[in-house]
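In full-length UniProt numbering, the protein residues as written are 1 to 125.
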């Protein structure tokens, strides 16, 4: 079956889809960094030999991060439907997609931040 749409008809759709994708990914990345960076730093400083040892907080953060990293995204997406509706007011559309993408991505960023801090931060080879 062949579509009767020409490229002139498809370009606006392609542009809209690309802009929606950039909007979702851009805001999700921003919120992932805003949540994941402090979480990773807190995970680093609260470890047993960290700047402010807090073993219970470290264990809690570690558990949350490990659970977040192990959940398949589709399960997380469905589980977050009520939370997304509470935050955004809907579960459909580009804005609603930002919530589960952020919550799915921040544990990975937090773990990377904590590991990088343990290695000594940025240094040249």
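Using N, Cα and C, we set each Cβ at its ideal position, and we do this for glycine too.
Here the structure is a predicted model, which means the values were calculated and not measured.
Spatial neighbours of residue i in its chain, beta-carbon cut-off 8 angstroms, leaving aside the 5 residues before and after
| i | result |
| --- | --- |
| residue 62 | 43 |
| residue 57 | 42, 46 |
| residue 69 | 107, 108, 111 |
Continuous alpha helix (DSSP H) stretch holding residue i: start and end
| i | result |
| --- | --- |
| residue 79 | 73-79 |
| residue 12 | 7-45 |
| residue 100 | 94-118 |
| residue 50 | Run containing residue 50: none; DSSP gives neither H nor E here. |
Same chain only: Cβ atoms within 6 angstroms of residue i, ignoring 5 sequence neighbours per side
| i | result |
| --- | --- |
| residue 104 | 73, 76 |
| residue 54 | 46 |
Cα-Cα separation between residue i and residue j, rounded to whole angstroms
| i | j | result |
| --- | --- | --- |
| residue 48 | residue 111 | 16 angstroms |
| residue 94 | residue 109 | 22 angstroms |
| residue 64 | residue 37 | 15 angstroms |
| residue 90 | residue 15 | 24 angstroms |
| residue 52 | residue 81 | 36 angstroms |
| residue 66 | residue 8 | 47 angstroms |
| residue 86 | residue 34 | 20 angstroms |
| residue 13 | residue 116 | 41 angstroms |
| residue 83 | residue 59 | 25 angstroms |
CB contact flag (residue i, residue j, <8 angstroms)
| i | j | result |
| --- | --- | --- |
| residue 113 | residue 40 | yes |
| residue 96 | residue 88 | yes |
| residue 98 | residue 27 | yes |
Sequence-distant residues of its chain with Cβ nearer than 7 angstroms to residue i (five each side left out)
| i | result |
| --- | --- |
| residue 32 | 102, 105, 106, 109 |
| residue 100 | 76, 77, 80, 84 |
Proximity test, residue i beta-carbon vs the ligand MN heavy atom, cut-off 7 angstroms
| i | result |
| --- | --- |
| residue 23 | This structure lacks the ligand MN; in fact it carries no ligand of any kind. |
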